[in-house]
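Heads up: the sequence shown runs through residues 7 to 409, numbered per this note's numbering.
Where a beta carbon is used, it is the ideal one built from N, C-alpha and C, also for glycine.
Because the structure is a prediction, the values reported are computed rather than measured.
Presented below is the structure to which this report refers.
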Amino acid sequence: MTRQCDVIINNVRIASMQKNGNAYGMLADSSVAIKDGKVFSIFDDSETSYQSDIRYDGENKWLLPGFIDCHTHLVYGGNRANEFEQRLQGKTYTEIAQQGGGIQGTVNATREASEQTLLSSAIKRAARLVEEGVTCIEVKSGYGLDLHTELKMLKVAKQISENLPVSIVTTYLGAHTVPKEYRSNPDDYVQFICDQVIPVVAKQRLATCVDVFCESIGFSPAQCRKIFEAAKAHALNVKAHVEQLSDLKGAKLAAEFGAISVDHIEYLDPKDIPVLQKSGTVAVLLPGAFYYLSETQKPPVAALRANQVPMAIATDLNPGSSPIASILTIMNMASVLFGLTPEEVLYGVTLHAAKALNLSNKGQVKTGMDADLCLWDIAHPAELVYGINQHRPSAKWFAGKEC
Ligand code: NIG
Ligand code: FE
C-alpha cells in the first residue's frame with residue numbers, strides 16, 4: 007500500500023521533544039511525512055510506502071519543532087533608549103516607572119503611533135525571531151491601556167502572521183500599569199478592564215489569554231483577583247507577571263484560577279511551588295529581563311525541577327526590561343544565568359512553551375501535530391544552547407510548507 011502525502015523529509019535525526027525516555031525525545035534515522043500542514047507520520051528511513059512529489063534530503067541533520075516564544079510585548083511605539091542612559095547613571099527601573107517613565111512612556115508613544123507604524127516595527131522585531139527558528143509567538147497588549155489602543159495593538163499583533171511564516175497567540179494585558187488618567191483611582195481602572203475591555207476582547211476574539219502585572223508598581227493581588235474572575239467569566243486563559251521584583255504571592259493567586267503560566271517568578275517562595283504543580287501551571291522564566299535589569303535574585307529553578315513544574319523560556323521582548331529580539335541568546339542566558347540544562351532549555355522553547363499558551367498541537371515533532379519544523383546543521387541539540395548566535399535553521403517548514 008502506498009500512502010500519498012505533501013512533503014517527505016528523509017534522513018534526519020529528530021529531537022522530537024516527545025517524552026519517550028530518550029534525551030530530547032530523540033529518534034534516529036527517521037523520515038517525516040507531512041500532509042495538510044500536519045505531521046502525517048514519522049517512520050524509519052528504510053520504509054518505502056510513503057509517496058510524495060516533494061522530497062527533501064535532511065542529510066542526517068537534526069530536525070526540531072519550531073521554537074515558541076511564549077512571552078513577548080513586541081508591538082509598541084517608540085523605544086526607551088533614553089531610559090537606558092538614565093539607568094546607566096544609577097536610576098532603577100522602579101524609580102523610572104514611579105517618575106512617569108517606564109511602561110507609561112511607551113504607552114504615550116503607542117497611543118500616538120498609527121496602526122501601520124506599529125505593524126511595520128512589530129514585523130521587523132518578529133522577523134528577527136523567525137530567522138532564528140521561531141514559528142509561534144505570543145504577543146501581549148498593555149501599551150495602550152485605553153480601549154481603542156488596546157484593540158489596535160491586538161489587531162496589529164494578529165496581522166503579523168499575515169506577513170511572516172509564524173502563528174501568533176494574543177494576550178490582553180490591560181493590567182500592565184495604571185494609566186495616568188486613572189492614577190488617583192486605580193480601582194476604577196480595574197473595573198474598566200473587567201467591565202469594558204475584557205468583554206469586547208472576548209467577543210471580538212482578539213485574545214485568548216488575559217495577563218496582569220502583579221507588583222507594587224503594577225496591580226495588587228486583590229485587583230488581580232478581580233481581573234482573573236472577569237477573564238474566567240469570559241472563558242479566557244489566565245497568565246500573570248508575578249514575583250518579578252518582590253513576593254506578593256501572585257503565583258499562588260494565579261494558580262487558584264488555573265493559570266496556564268506564571269512568568270518571571272524570581273522572588274517566588276519555594277513553598278508556593280507545589281501549588282503550581284497541582285494546578286498544572288507552567289513557570290515561564292525570562293532571563294532577558296533578569297540580565298537587562300542587572301537583577302541578582304534568581305528564580306527557584308532547583309525547587310521547580312524537584313517539583314516537576316514545567317519550565318518554559320521566553321524573550322519577554324519589550325522596550326524596557328528586555329529589548330532582546332533573539333531567542334537563541336535567551337536560550338543561552340537560561341543556562342548560564344539560571345542553570346537550566348540544554349535539554350531543559352529546549353523543552354522550554356518547545357513543549358513547555360506550547361503548554362504555557364495552552365496549545366496542544368505545537369511544540370513536538372509528533373504524528374498529528376502542526377508541521378512547524380526546523381532543520382539544524384549541528385552534531386547535537388545542545389549546540390543550540392551552548393553558543394550564542396552561531397546557527398540559523400538550514401531549512402524550515404511552517405504549517406507544512408517550506409519557507
Ligand atoms: O515583562 N513586567 C512588566 N512588563 C514587562 C516590562 C515592560 C516594560 O518595561 O515596558 C516585563 O518585563
Ligand atoms: Fe513581560
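Residue i versus residue j: straight-line alpha-carbon distance, rounded
i: alanine 241; j: valine 206; result: 13 Å
i: valine 307; j: aspartate 269; result: 13 Å
i: glycine 106; j: leucine 33; result: 53 Å
i: methionine 413; j: phenylalanine 46; result: For the chain, the structure presents residues 7 to 409; residue 413 sits outside this window and is missing.
i: aspartate 322; j: aspartate 59; result: 41 Å
i: alanine 340; j: valine 355; result: 11 Å
i: glycine 294; j: serine 300; result: 10 Å
i: histidine 117; j: glycine 180; result: Per the sequence presented here, residue 117 reads as arginine, with histidine not at that position. Rounded to the nearest angstrom, the two C-alpha atoms are 14 Å apart.
i: lysine 164; j: threonine 176; result: 7 Å
i: asparagine 169; j: valine 218; result: 28 Å
i: glycine 256; j: alanine 237; result: 16 Å
i: glutamine 283; j: alanine 261; result: 9 Å
i: phenylalanine 344; j: proline 305; result: 7 Å
i: histidine 397; j: aspartate 75; result: 17 Å
i: threonine 214; j: glycine 148; result: 15 Å
i: leucine 379; j: isoleucine 129; result: 21 Å
i: cysteine 220; j: isoleucine 20; result: 40 Å
i: threonine 373; j: glycine 406; result: 13 Å
i: histidine 247; j: leucine 365; result: 20 Å
i: arginine 189; j: phenylalanine 225; result: 12 Å
i: leucine 70; j: glycine 96; result: 42 Å
i: aspartate 63; j: glycine 43; result: 19 Å
i: glutamine 122; j: aspartate 152; result: 19 Å
i: histidine 386; j: proline 348; result: 10 Å
i: leucine 346; j: tyrosine 353; result: 11 Å
i: serine 37; j: glycine 150; result: 47 Å
i: aspartate 50; j: threonine 141; result: 26 Å
i: phenylalanine 296; j: threonine 335; result: 13 Å
i: aspartate 201; j: alanine 115; result: 26 Å
i: leucine 94; j: lysine 209; result: 44 Å
i: arginine 9; j: asparagine 367; result: 23 Å
Beta-carbon contacts of residue i that lie in its chain and below 6 Å, excluding the five residues immediately before and after
i: alanine 119; result: Gly83
i: phenylalanine 234; result: Val244, Phe263
i: alanine 39; result: Cys11, Ile14, Phe46, Ser47, Tyr56
i: glycine 31; result: Ser22, Met23, Gln24
i: isoleucine 109; result: His182, Thr183
i: proline 171; result: Phe404, Cys409
i: tyrosine 298; result: Ser327, Ser328
i: tyrosine 178; result: Ser147, Val207, Ala213, Val216
Sequence-distant residues of its chain with Cβ nearer than 7 Å to residue i (five each side left out)
i: lysine 67; result: Val18, Leu381, Trp382, Asp383, Ser400
i: lysine 258; result: Asp278, Val281
i: leucine 357; result: Met23, Gly369, Gln370
i: isoleucine 174; result: Ile143, Val145, Ala163, Lys164, Ile166, Ser167
i: valine 351; result: Ile319, Met337, Ala340, Ser341, Val391
i: valine 288; result: Ile266, Ser267, Pro316, Ala318, His358, Lys361, Ala362
i: valine 136; result: Leu170, Pro171, Val172
i: glutamine 92; result: Ile102
i: leucine 292; result: His77, Asp269, His270, Ala320, Asp322, Ser328
i: glutamate 65; result: Asn17
Residue i, buried or exposed, once every other Cβ within 10 Å from all chains shown has been counted against 16
i: threonine 183; result: buried
i: threonine 98; result: exposed
i: glutamate 249; result: buried
i: arginine 86; result: buried
i: leucine 80; result: buried
i: glutamine 229; result: buried
i: serine 52; result: exposed
i: threonine 112; result: buried
i: asparagine 28; result: exposed
i: asparagine 324; result: buried
i: serine 222; result: exposed
i: glycine 326; result: buried
i: alanine 332; result: Checking the sequence shown, residue 332 turns out to be serine, not alanine. Buried, since its Cβ has 16 or more Cβ neighbours within 10 Å.
i: glutamate 187; result: exposed
i: leucine 125; result: buried
i: alanine 415; result: Only positions 7 to 409 of the chain appear in the structure, and residue 415 is not among them; the question remains open.
i: arginine 131; result: buried
i: phenylalanine 90; result: exposed
i: glycine 286; result: exposed
Proximal residues to residue i (C-beta, below 8 Å), its chain only, five neighbours per side dropped
i: alanine 309; result: Pro276, Ile279
i: tyrosine 273; result: Glu249, Gln250, Leu251, Ser252, Asp253, Gln303
* Considering only heavy atoms of ligand 1, list every residue whose Cβ is less than 5 Å from one of them, following chain order. => Ile109, Phe219, His247, Ala295, Asp322, Asn324, Gly326, Ser327
* the region 182–198 / the region 158–172 touching (three or more Cβ pairs under 8 Å) -> no
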